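What follows is a set of notes on a single structure, which appears directly below.
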Amino acid sequence: MLKIENLHKAFDTTDVLRGVDLQLSEGTILGILGPNGMGKTTLLKCVVGILEPDRGKITWEGMNLLTSVEAKYCVGYVGEQRNYYPRFRVEDLVRFYRMSYPNWDHEQYRRLQGIFELPSEQRIANLSRGMKAQLAFLLNLSIMPDLLILDEPTSGLDPAVRKEVLRVMVDQTAACGTTMLVSSNNAGELERICDAVAFIRDGEIALQGPLEELRRRFAAVHVIFDGEMPAEIADCCDLLYVERLGRMYALVGRRPLLSRLQAVDTVYLEPVDTSLEDIYIYYMEGPNHE
Amino acid sequence: MLDIDFKSDNPIYQQVVEQVRAAVFKGALSPGDRLPAVRKLATKLTINPNTIQKAYQELERQGVIVTVRGRGTFVAEDYTRTADSGELEALRAHFRKGIIDAHYMGLSPGEIEELVQELLQEHGHTGRDESC
C-alpha cells in the first residue's frame, strides 16, 4: 500500500501542498486530476523522492520512500521532463537502466520496443519530445516496478500511441499487479483505466473515491420550472452549475439536488448522464463552486 | 464484441455484466464457451482490470459463468437460478413500463403478447422447458 499522510511542501513562500492525504492499495490505479499549477507534479515528485517534503510521511509497503534504497528499486517514475543524457544513444540508456535496476526484464523491454518502435542507435538529443516520452515509459515499465508514478504519460503523444500507452498500463496492472499513480488532464482517459480518482485543488485533495461512488455523489438534470427557477433551488448549496436554454435549465449538483427538485413544481425533469469530465469541470471550475 | 459507453451513468462493470448476459441469451455465447481472461479483455477494451474482475465476479454470483481454477472462465452449462422477490418486483416494474409505452403507441393487448412471443422466438427461447 502507498500511504501519503499530511504532506506539506512550499517553494519560497508559496504553499504548494497543504496537507495531502492519499492511500492506494496494491494492484490499483489512482488518477489525479487538477488544474495546472495546483500541485500535481509536486505531489508526484515528493512520492518518488525527487523533492523532499517539508512535512508529512510517504510510505510504500511500510518502507520510507525517501530513504529506502530497496524501495527505490521497485518504483518507476515517468516525469513530465525527460532529462536523459543527450549524448547517450537509446541503447546506452537501456544498458544504464539494466545495470541500475535489479528487476530489469529484457523480454518485457523487447516486447514493448516492438510496440513503440524506438530506434536504438539514435542519440537522445535527436529524439522528438513524443519519442522521449515513449522512451521514458518503456524504460520504466521494463524495470518491472511494483509502484509506477506517471506524470501526464500521454501528453504530447499522437492518438494511436496514446491508446497503446493506456493499453500497456492496463495490461501491466492485470499481469503483474502493478500499482499506479497517474496524473492527467484527460478525464476521459482516467475514467477508463482508473479504480479511483482524486481531484487536487489549492494543494489539497478536494474530492476522492472510486469512480462509481463519485458519480453517485453528483447528479445532472434537464429541468423546466413552472415559471422562474425557485429560490430554494437557485440558492441551495447542492447546486454547482447552471446553464439556461430558453425555458430549459441544465443543472449539475450534488445528489441531494434531485430530491430538492422533486419537492418543487416542475414541468419537466429528466436526469442525464454525468461523465467524470463533467464532474471535474463543474466541481472544480463551475461558476458557483464552493 | 462488447461496446462500453463511458459517458453512461450505468457503471462500466454493470455494462459488461449486461452485455455478457445478452450475448449468452442471444446465443452468441453458448454454454461451455470460454470467456476471455480478465487481463485480455481489460487490455482489449482498455479498461481497468479490476473493473472486469468485478463484472466476472458478479456474473459468477448470478450463475451465468463459472470459473475453473487454472483453466479459465466459462459460460455455465446449466443455468438454474431462482430470482428473489426484489428482482422479480424490479422486473415487473420493467415490464409494466413497457406495456404502458406499448399501450400509448396504440398496440392492443393481443399485439403486445404477439410482440413478446416474437422477441422470445428471436432468441430461440420459445417452447423451452420452463425450468431453464
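In the order they appear, the protein sequences are chains A and B.
Residue 1033 in our numbering is what sits at position 39 of the first sequence, and the numbering runs on without skipping anything.
Residue 28 in our numbering is what sits at position 27 of the second sequence, and the numbering runs on without skipping anything.
Backbone N, C-alpha and C define an ideal beta-carbon position, used for all residues, glycine too.
Just so you know, these numbers come straight off a predicted model, no measurement behind them.
For P37 (chain B), no chain A residue has a Cβ inside 7 Å of its Cβ, as the nearest lies near 11 Å away. Within the stretch 7–32 of chain B, the residues whose Cβ lies closer than 7 Å to some Cβ of chain A are F7, K8, S9, D10 and P12, listed in chain order. Among the residues facing chain B, V1261 (chain A) is not included, as its CB has no counterpart in that chain under 8 Å away.
Contact of A1065 (chain A) with chain B is not assigned, every C-beta pair being separated by 8 Å or more. Burial state of C1068 (chain A) is buried, judged by a 10 Å Cβ sphere holding 16 or more other Cβ atoms. Cβ-Cβ distances below 6 Å link S1114 (chain A) to V1084 and E1085 in the same chain, with the five nearest sequence neighbours on each side left out; the list follows chain order. Within the stretch 1144–1165 of chain A, the residues whose Cβ lies closer than 9 Å to some Cβ of chain B are K1157, L1160, R1161, V1162, M1163, V1164 and D1165, listed in chain order. Apart from the 5 residues on each side of it in sequence, E1146 (chain A) sits with its Cβ closer than 8 Å to the Cβ of E1074, S1177, S1178 and N1179 in its chain, given in chain order. Taken through DSSP and simplified to helix, strand or coil, V117 (chain B) comes out as helix.
In the DSSP assignment, N1077 (chain A) falls outside any alpha helix (DSSP H) and carries neither an H nor an E. G1033 (chain A) and Y14 (chain B) have their C-alpha atoms some 32 Å from each other.
Residue pairing by DSSP puts H1002 (chain A) in a beta bridge opposite A:R1012 and A:R1049.
With respect to I1143 (chain A), G1070 (chain A) sits close: the two C-beta atoms are nearer than 8 Å. Restricted to the stretch 1193–1217 of chain A, the alpha helix (DSSP H) segments that are unbroken, complete and at least 4 residues in length are 1205–1210, listed in chain order.
The beta carbons of L1059 (chain A) and V1088 (chain A) sit no closer together than 8 Å. A check of alpha carbon separations from N11 (chain B) across A:E1264, A:D1272 and A:R1210 identifies A:R1210 as the nearest.
The beta carbons of L1018 (chain A) and L1160 (chain A) sit no closer together than 8 Å. With respect to A1213 (chain A), L1239 (chain A) sits apart: the two C-beta atoms are not nearer than 8 Å. At a cut-off of 8 Å between beta-carbon atoms, I66 (chain B) makes no contact with chain A. According to the DSSP assignment, L1129 (chain A) belongs to the alpha helix (DSSP H) that extends over R1123 to S1136. Under the three-state reduction of DSSP output, D1272 (chain A) falls in the helix class. With respect to the C-alpha of V18 (chain B), the residue from B:G99, B:I66 and B:R40 having the closest C-alpha is B:I66.
Residue environment analysis places P50 (chain B) among the buried positions, since at least 16 neighbouring C-beta atoms fall within 10 angstroms of its C-beta. In the structure shown, K55 (chain B) adopts helical secondary structure according to DSSP, grouped into three states.
For T74 (chain B), not one C-beta of chain A is nearer than 8 Å to its own C-beta. Here R1156 (chain A) has T1148 as same chain residues with Cβ atoms under 7 Å from its own Cβ, once five neighbours each way along the sequence are excluded. Taking all protein chains in view, the Cβ of T1007 (chain A) is surrounded by fewer than 16 other Cβ atoms within 10 Å, so the residue is classified as exposed. The alpha-carbon of R1123 (chain A) is positioned some 12 Å away from that of Y1078 (chain A). Contact between V1261 (chain A) and I1218 (chain A) holds: CB atoms are separated by about 4 Å, below the 8 Å threshold. At least 8 Å separates the CB of R70 (chain B) from every CB of chain A. Nearest to I5 (chain B) by alpha-carbon distance, out of B:G87, B:G99 and B:L42, is B:L42. By the 16-neighbour rule on beta-carbons within 10 angstroms, L120 (chain B) is exposed.
Non-local C-beta neighbours of E1185 (chain A) in its own chain, meaning closer than 6 Å and more than five positions away in sequence, comprise L1270, ordered along the chain. Contact annotation, I1273 (chain A) with L1233 (chain A): C-beta distance approximately 14 Å; criterion of less than 8 Å not satisfied.
Close CB contacts of P1224 (chain A) within its chain, under the 6 Å cut and outside five residues either way in sequence, are with V1258 (chain order). Taking each of A:F1005, A:R1081, A:G1028 and A:P1080 in turn and checking the Cα distance to E1046 (chain A), the smallest one comes out for A:F1005.
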